[in-house]
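Below is one structure, written out as structure tokens, with a few remarks after it.
Numbering (the numbering used here), first residue to last: 3 to 150.
Now the structure itself:
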């Protein structure tokens, strides 16, 4: 059975509804690989609700799935990437509550979401500010903007 917890705030900014994520899981009894999905939308639109089907489908394949929202343009790319990094840090800290392995976090990004995850993965400053090493185990780029 697929379970989900929706609209979890991953930052202490309660005024920004974009800084939320949804966790999809089946049980909490074992540590499963984790897939974090970052949507595309030219950095200016898109919403995690469009990808609920991914959450359900990947759970059926044995993963814990997290789908995130993040601030959009006109924010600068660094701000957008910082939001995504904050979501990844939240996942690393809390995913074990949902049966996820915090040492096996894979990111999947579509279009501009692919650009964001590669930008975060290749730049340690997003994690250095939290005094932690990069928790990303692997990335999957789907039609990543600028990386074709």
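Glycine is no exception: its CB is placed at the ideal position from the N, C-alpha and C atoms.
Here the structure is a predicted model, which is why all the values come from computation and not from measurement.
Q) Is residue 76 buried or exposed, if buried means 16 or more other CB atoms sit within 10 Å of its CB? A) The residue labelled residue 76 in the question sits at position 74 within the chain shown. By the neighbour-count rule (16 or more Cβ atoms within 10 Å), residue 76 is not buried but exposed.
**Q.** Neighbourhood of residue 106 by C-beta distance below 7 Å, restricted to the same chain and skipping five residues each side
**A.** As a position in the chain shown, residue 106 is number 104, starting the count at 1. In the same chain as residue 106, and ignoring 5 residues on each side of it, the C-beta atoms closer than 7 Å to its own belong to 35, 36, 139, in chain order.
Q: With a floor of 3 residues, list each beta strand (DSSP E) that falls wholly inside the segment 54 to 126, ordered by position along the chain.
A: Qualifying beta strand (DSSP E) stretches, in chain order: 66 to 70, 102 to 112.
Q) Exposed or buried, what is residue 7 when buried is set at 16 or more other beta-carbons lying within 10 Å of its beta-carbon? A) Stepping through the chain shown from its first residue, residue 7 is reached at position 5. Residue 7 is classed as exposed because its beta carbon has fewer than 16 other beta carbons within 10 Å across all chains shown.
Q. In terms of DSSP beta bridges, what is residue 4 paired with?
A. Against the chain shown, residue 4 aligns to sequence position 2. Residue 4 is not bridged to any residue.
Q) Assuming residue 22 contacts residue 80 under a Cβ cut-off of 8 Å, what Cβ separation, rounded to an integer in Å, is found between them? A) What you label residue 22 is simply residue 20 of the chain shown in a count that begins at 1. What you label residue 80 is simply residue 78 of the chain shown in a count that begins at 1. Between residue 22 and residue 80 a beta carbon distance of about 20 Å is seen, past the 8 Å cut, so the two are scored as non-contacting.
Q. DSSP three-state call for residue 130: helix, strand or coil?
A. Residue 130 sits at position 128 when you count from the first residue of the chain shown. For residue 130, the three-state secondary structure derived from DSSP is helix.
Q) Is the segment 93 to 108 in contact with the segment 23 to 34, if contact means three or more CB pairs nearer than 8 Å? A) Under the 8 Å Cβ criterion, the segment 93 to 108 counts as touching the segment 23 to 34, having at least three qualifying pairs.
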